[in-house]
Amino acid sequence: MSPVMEAKTLSHLKQLEAESIFIIREVVAEFKNPVMLYSVGKDSSVMVRLAQKAFAPGKIPFPLMHVDTGYKFPEMYEFRDKFIADIGAKLIVERNEAAIADGTSPFKYGVQKCCGLLKTQGLLDGLNKYGYDAAFGGARREEEKSRAKERVYSFRDAFGQWDPKNQRPELWDLYNSQLNEGESIRVFPLSNWTELDIWMYVKMENIPVVPIYFTHKRKIIKRKNLLIPWVAHIPILEGDEILEMPVRFRSLGCMSCTGAIESNVTDLDGIIADLITTRKSERENRIIDHGSDSSMEQKKKEGYF
Amino acid sequence: MAIDTKSQLDYAKMDLLRFTTAGSVDDGKSTLIGRLLFDSKGVFEDQLEAIRRTTEKRGGEDIDLALITDGLSAEREQGITIDVAYRYFATANRKFIIADTPGHEQYTRNMVTGASTANLAIVLIDARNGVMTQSRRHGFIASLLGIPHVTVAINKMDLVNFSEETYEKIKKDYEAFAKQVGIKDIKVIPISALKGDNVVKPSENMKWYQGPTLLEYLEKVEISHDQNLKDFRFPVQTVLRPNLDYRGFAGRVASGVVKKGDKVKVLPSGFESTVKSIDTFDGELDQAFPPMSVTLRLTDEVDISRGDMLVHPDNMPKSSNKITAELCWMVSEPLSLKKKYSIKHTTQTIKAMVTEIEYRTNINSLEKEKVEQLNLNDIARVKIQTLKPLYFDPYSQNRNTGNFILIDELTNNTVAAGMIVE
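Given below as structure tokens:
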């Protein structure tokens, strides 16, 4: 291959980047009132960077929205506020205050219902309140089997619900943005990224991520093969062990529903190497998915992103 | 073959191959994808464990690789695949995106969808049956969608005693067919997805086959020449005006190469200017090529908006409000001649009408049929009239400026995929 030809090919990360930027720009050009769902995790960090790239040298022309349950890790709130201040974006924090005041927790209502109230309802209320017609989410098709069939533009009815049997065909990069009043879309610019791509990109681009993705010492509850971060509101069951040990998190959510993994990885190279050799899927330690085999599909049908 | 150690990983050099697989469960398509993902470590232990449990529940013994590609609960209940699923795996050199499409006749629209973004198509043939109607249909759709590379995987070789003769016969038959429909690059590989022969590991049972395994081929097939680097086309997505001094035209290079200092022409206005800079978040570039997303600034104050196209003045696309196209109809409500649709082509959406159906292609016999209307999964040659001229190239020369979709103005649904002929 001559050097000239070589110069006309993009690496896979650059191709993914170019595709995501294209998608983000399409949405801004074609929708009246877009918002980016910001969940503080690594995918959100990458998605926000791509949004910066899409509109440089200008600022991101839409707000970010964090649907907060009140149960996130303290490190996440701290990271969020600094990250947003550093990039000068506008952040909206939405909480289902009524449900929070009611003491909603997975222990009171079960995981499914808690998620439904704090995450799905919180999200739908937030979208309705400001009348957003397009909401970016950082979900990836690789994450979960019901996501494998998700469109880049995921069409939602007036109740924010997903109908897997009635999805619009999506061809080439021609995204159909036509909506009727009250309908909306969720947009997934990271659809074609894998967890490995995300971490390689974080490394290549030097993107800030919440520090608890790396190994740190933490008080945890060991329950069978799960390592649950210790928080005062989690009831201790018979057989639980409380330990302090070096752990990290592979994905971040609510403290009571995010399992830790035992690890000694302290840098990005370590995370990438771990991913290449590890044989466990990313959501494995998400207690939330354990409800039933189809729980993600069910949640998406109800309006989850 | 799979990425085993960190040292093998040079992600700045990894490229990307998007491929589509067409075939039915009977051809062993799910088993093949399961095998590729399994042997290249694209499946995780806890996912495997869930599959093992399901296999046991159904009374199976060996792990059923086909379950790896199992999707929605609605599909599991009915034992069918209803939609395109996207799957991912990587080796040390390449990342792969699979558009996994169900192969039945009624799913032509899904096959077209999966093929639209693919550089390569895998057509599965059951060695016991030879080249059947379905394999021809898949090849025809691959060629219609302009997929540059077609790989024919002759599966279930274990059930024909790994016979070289059977392989040669099917190979000859399919190559003759490929020539007929204009498939440019074809590779035929004998495999057994169930046993793993020639999928990731070379077959012990087919020493007579000297070629690459399927994964070796997927890893090495040369795709850097597939894109059009000749005809510069830059559909403008949006105009960036962060302050009074900056006016940039954001978009993705659809084809060709643009360099700083190039003379460019704006369509449809016809105004000419010069590229002052090619901007990105990471700094200025000297040149841009597909599929890069960049922002162009020009030396003159020019009125440009979304839907306009920048090109080189000496290399113009075609322009017309009357086009002839291949159309794949994608919804159950039939095409209505004289009804107004929206056409989305590059970054512009305008009104359009289908004025004539020249003929429908029978996707099984490839015969041209005279029809009065188009129904779900029909593929036809049609004439379309648009409210304003489109700036396009024939799909065969330029996939990105030769494709379009039709949208129903009432339901807002995407009703057809189109490939411009002229």
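In the order they appear, the protein sequences are chains A and B. For what it's worth, the working numbering labels the leading residue of the first sequence as 838, then goes sequentially. For what it's worth, the working numbering labels the leading residue of the second sequence as 864, then goes sequentially. Note that the Cβ used here is the ideal one computed from N, Cα and C, for glycine as well. Keep in mind the model is a prediction, meaning the values are calculated, not measured.
- Message: Between B/Glu1135, B/Ser1199 and B/Met995, which has its C-alpha nearest B/Asp1036's C-alpha?
- Response: B/Met995
- Does DSSP put A/Leu1063 in a helix, in a strand, or in coil? strand
- Tell me, please, whether the stretch 1110-1126 of chain B touches the stretch 1075-1085 of chain B by the rule of three or more beta-carbon pairs shorter than 8 angstroms. no
- Comparing alpha-carbon positions, which option in B/Ile1046, B/Ile985 and B/Met1069 lies nearest B/Ser1259? B/Ile1046
- Query: CB-CB under 8 angstroms to A/Ile1109, same chain, minus the five flanking residues each way: which ones, in chain order?
  - Reply: Leu1033, Trp1036, Met1037 and Lys1040
- Task: Grab the span of the beta strand (DSSP E) containing B/Ser1055 for me, first residue to last.
- Result: Segment: none, B/Ser1055 is in no beta strand (DSSP E) and carries neither H nor E.
- Message: I need the boundaries of the beta strand (DSSP E) containing B/Arg1244, first residue and last residue.
- Response: Ile1242 to Phe1255
- Contact set between B/Arg950 and chain A, taken where Cβ atoms lie within less than 9 angstroms: Arg978, Glu979 and Ala985
- Message: Please classify A/Lys966 as buried or exposed, where buried requires at least 16 other C-beta atoms within 10 Å of its C-beta.
- Response: exposed
- Task: Show which residues of chain A have a CB atom less than 8 angstroms away from the CB atom of B/Pro1105.
- Result: Phe892, Pro894, Gly895 and Lys896
- With DSSP as the reference, label B/His967 as helix, strand or coil. coil
- Query: For a contact meaning CB atoms closer than 7 angstroms, what does A/Ile1049 contact in chain B?
  - Reply: Going along chain B, no residue has its Cβ under 7 angstroms from A/Ile1049, so there is no contact; the nearest lies around 22 angstroms.
- Task: For B/Phe1267, go through chain A and note every residue whose CB falls closer than 8 angstroms to its CB, in chain order.
- Result: Within 8 angstroms Cβ-Cβ: Leu1011.
- For A/Pro1083, which of helix, strand or coil comes out of DSSP? strand
- Message: With distance defined between alpha-carbon atoms, name the residue in A/Ala926, A/Gly959, A/Ile1073 and A/Ile924 nearest to A/Thr941.
- Response: The residue with the shortest Cα to Cα distance from A/Thr941 is A/Gly959.
- Message: Can you check whether the C-beta of B/Tyr1258 is within less than 7 angstroms of a C-beta belonging to chain A?
- Response: no
- Message: For A/Ser1021, list the residues DSSP reports as bridge partners.
- Response: A/Arg993
- When the Cα atoms are used, what is the spatial distance from B/Met1212 to B/Asn1061? Here residue 1212 of chain B turns out to be Thr, not Met, going by the sequence shown. Those two C-alpha atoms are separated by around 46 angstroms.
- Hey, does A/Ser882 have any beta-carbon neighbour from chain B nearer than 7 angstroms? no
- Give the residues of chain A in contact with B/Gln1100, contact being defined as C-beta atoms less than 8 angstroms apart. Phe859, Arg862, Glu863 and Ala866
- Compute the Euclidean distance between the alpha carbons of B/Asn1276 and A/Gln1015, then round it to the nearest angstrom. 8 angstroms
- Query: Which bits of chain B does A/Asn1163 rub up against, with CB to CB less than 7 angstroms?
  - Reply: Summary: the structure shown does not reach residue 1163 of chain A, with chain A confined to residues 838 through 1142, and so no result is reported for it.
- Query: Just curious, the beta strand (DSSP E) that B/Met1179 is in, first and last residue?
  - Reply: Following the DSSP letters along the chain, one finds B/Met1179 in no beta strand (DSSP E), marked with neither H nor E.
- Message: Quick check on A/Arg993 - is its C-beta less than 7 angstroms from some C-beta in chain B?
- Response: no
- 8 angstroms Cβ cut-off: residues of chain C touching A/Thr1052: Checking the listed chains, one finds no chain C in this structure; the protein chains it contains are A and B.
- Message: My output table needs one value for A/Glu863: the three-state DSSP class, helix, strand or coil.
- Response: helix
- Query: Do the stretch 1244-1257 of chain B and the stretch 972-988 of chain A touch if we need at least three Cβ pairs shorter than 8 angstroms?
  - Reply: no
- Query: Around the C-beta of A/His1070, are 16 or more other C-beta atoms found within 10 angstroms, so that it is buried, or is it exposed?
  - Reply: exposed
- Have a look at B/Phe882 and B/Gly1059 and give me their C-alpha separation to the nearest angstrom. 20 angstroms
- Query: For B/Met864, which residues of its own chain have a beta-carbon under 7 angstroms away from its beta-carbon, when the five flanking residues on both sides are left out?
  - Reply: Any reading at B/Met864 needs caution, since the residue's pLDDT is 38, under 50, leaving its predicted position unreliable; the model's value is listed next. So the qualifying residues of the chain are Ser903, Thr954, Val1063 and Leu1078.
- Query: For a contact meaning CB atoms closer than 7 angstroms, what does B/Leu1092 contact in chain A?
  - Reply: Lys845
- Note down the Cα distance separating A/Arg1005 from A/Gly947, rounded to an integer number of angstroms. Computed Cα separation, rounded: 34 angstroms.
- Message: Considering just the uninterrupted stretch of the beta strand (DSSP E) at B/Ile1270, what are its terminal residues?
- Response: Asn1266 to Asp1271
- Query: Under a Cβ-count criterion, where at least 16 other Cβ atoms within 10 Å of its own Cβ denotes burial, should A/Glu854 be classed as buried or exposed?
  - Reply: By the 10 Å Cβ count, A/Glu854 comes out buried.
- Span of the alpha helix (DSSP H) around A/Pro911: Pro911 to Ile924
- Message: I'd like the span of the alpha helix (DSSP H) that includes B/Arg1000, first residue to last.
- Response: Thr996 to Leu1007
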